[in-house]
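Trainee: First to last, the protein sequences are chains W and X.
Each residue of the first sequence is one higher than the last, beginning at 1 in this note's numbering.
Each residue of the second sequence is one higher than the last, beginning at 156 in this note's numbering.
Quick reminder that beta carbons are idealized off the backbone N, C-alpha and C, glycines included.
Quick one: the structure is below, questions incoming.
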Amino acid sequence: MQPSNLPTFYSITESEIDLNDLLAKITLTSTGAAAIFTGMVRGVTTRGDAHETEYLEYESYIPMAEAKMKQVADEIREKWPVVEGVAIVQRIGKLYPKTPTVLIACTAAHRDTGVFDAARYGIDRLKEIVPVWKKEVGPSGEEWVEGDYIPKPGE
Amino acid sequence: MNHIKLLFFATIRDRAGVKSLEMDIPTDLTIQGLKDKLSADYPNLKQSMQSVLITINREYAFDEAVVPPNAEIGMFPPVSGG
Numbered sequence: 001m002q003p004s005n006l007p008t009f010y011s012i013t014e015s016e017i018d019l020n021d022l023l024a025k026i027t028l029t030s031t032g033a034a035a036i037f038t039g040m041v042r043g044v045t046t047r048g049d050a051h052e053t054e055y056l057e058y059e060s061y062i063p064m065a066e067a068k069m070k071q072v073a074d075e076i077r078e079k080w081p082v083v084e085g086v087a088i089v090q091r092i093g094k095l096y097p098k099t100p101t102v103l104i105a106c107t108a109a110h111r112d113t114g115v116f117d118a119a120r121y122g123i124d125r126l127k128e129i130v131p132v133w134k135k136e137v138g139p140s141g142e143e144w145v146e147g148d149y150i151p152k153p154g155e
Numbered sequence: 156m157n158h159i160k161l162l163f164f165a166t167i168r169d170r171a172g173v174k175s176l177e178m179d180i181p182t183d184l185t186i187q188g189l190k191d192k193l194s195a196d197y198p199n200l201k202q203s204m205q206s207v208l209i210t211i212n213r214e215y216a217f218d219e220a221v222v223p224p225n226a227e228i229g230m231f232p233p234v235s236g237g
């Protein structure tokens, strides 16, 4: 099957992330495995600078973010041609602890095809090039979280 | 002169005090030139211009790039999604 016929779904949304709906979108009759990463708001951080979080407020440059999500999906397909479906969703707005904020799922015929690595690449890449930011609000005030990746020409 | 639209996000928007700005710039102005102009015209943005990421029409752009007519310029800190 040509990549253009394979399901790729990406979006920035203010709605709850629906895993079952996304999985259905990227499951083919030939699919036997899905690797899913989801990140959620962590209320209590113990690693590094220990602190508590009341909520995170996400914002995005939406049209660019969706274009960059498509780019991430294209990069996944180039590196792991066995990947069948790709879903990438980032939720924005005010999100409280335990709430899923991001989801990346890749499907393939079998689990030993690199599909775990593909999903890992997807979340790492999203955190590098997809224009989304979060402001952290906690007991000691609010602060924008800034990443550290500087995109290179062509990214 | 070229007419362009600037979009500010996250810390840059907070410092600018607005989400967007429209302006006319010289036709051969580069991204570096645009950063210099904003630093001079908007002192609140001067510090941000040191480390800002810039996009032209939703693609990452760098200091030497010339700003095209009717460009949509995005300005923001390194991303922190996930």
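Count the other C-beta atoms from every protein chain shown that fall within 10 angstroms of the C-beta of W:Lys98, then say buried if there are 16 or more, exposed otherwise.
Mentor: It is exposed - the Cβ of W:Lys98 has fewer than 16 other Cβ atoms within 10 Å.
Trainee: To the nearest angstrom, how far is the alpha carbon of W:Glu52 from that of X:Val234?
Mentor: Rounded to the nearest angstrom, the two C-alpha atoms are 22 Å apart.
Trainee: State the start and end residues of the unbroken beta strand (DSSP E) segment that holds W:Thr13.
Mentor: Run containing W:Thr13: 8 to 13, per the beta strand (DSSP E) assignment.
Trainee: Cβ closer than 8 Å: which chain X residues qualify as neighbours of W:Asp148?
Mentor: Pro233, listed in chain order.
Trainee: For the segment 106 to 126 of chain W against the segment 202 to 214 of chain X, are there 3 or more C-beta pairs whose distance is under 8 Å?
Mentor: Cβ pair count under 8 Å is below three, so no.
Trainee: Out of W:Leu95, W:Val115, W:Pro151, W:Ile36, state which residue places its alpha-carbon closest to the alpha-carbon of W:Glu59.
Mentor: When only C-alpha atoms are compared, the closest one is W:Leu95.
Trainee: Along chain W, in chain order, which residues have C-beta atoms closer than 7 Å to that of X:Thr185?
Mentor: Going along chain W, no residue has its Cβ under 7 Å from X:Thr185, so there is no contact; the nearest lies around 14 Å.
Trainee: Grab me the residues of X:Glu219's own chain with a C-beta within less than 8 Å of its C-beta, minus the 5 sequence neighbours each way, in chain order.
Mentor: Thr185, Ile186, Gln187, listed in sequence order.
Trainee: Could you give the first and the last residue of the continuous beta strand (DSSP E) run that contains W:Asp21?
Mentor: Run containing W:Asp21: none in the beta strand (DSSP E); it sits in the alpha helix (DSSP H), 19 to 25.
Trainee: What's the C-alpha gap between W:Ile62 and X:Met230?
Mentor: Distance between the alpha carbons of W:Ile62 and X:Met230 is about 14 Å.
Trainee: Is the beta carbon of W:Lys135 sitting closer than 8 Å to the one on W:Glu128?
Mentor: Contact: no.
Trainee: Can you tell me which of X:Met156, X:Glu214, X:Val222, X:Val221 puts its alpha carbon nearest to the alpha carbon of W:Gln71?
Mentor: The option with the nearest alpha carbon to W:Gln71 is X:Glu214.
Trainee: Over the uninterrupted beta strand (DSSP E) stretch that includes W:Ala34, give me the two end residues.
Mentor: First-last of the beta strand (DSSP E) with W:Ala34: 33 to 40.
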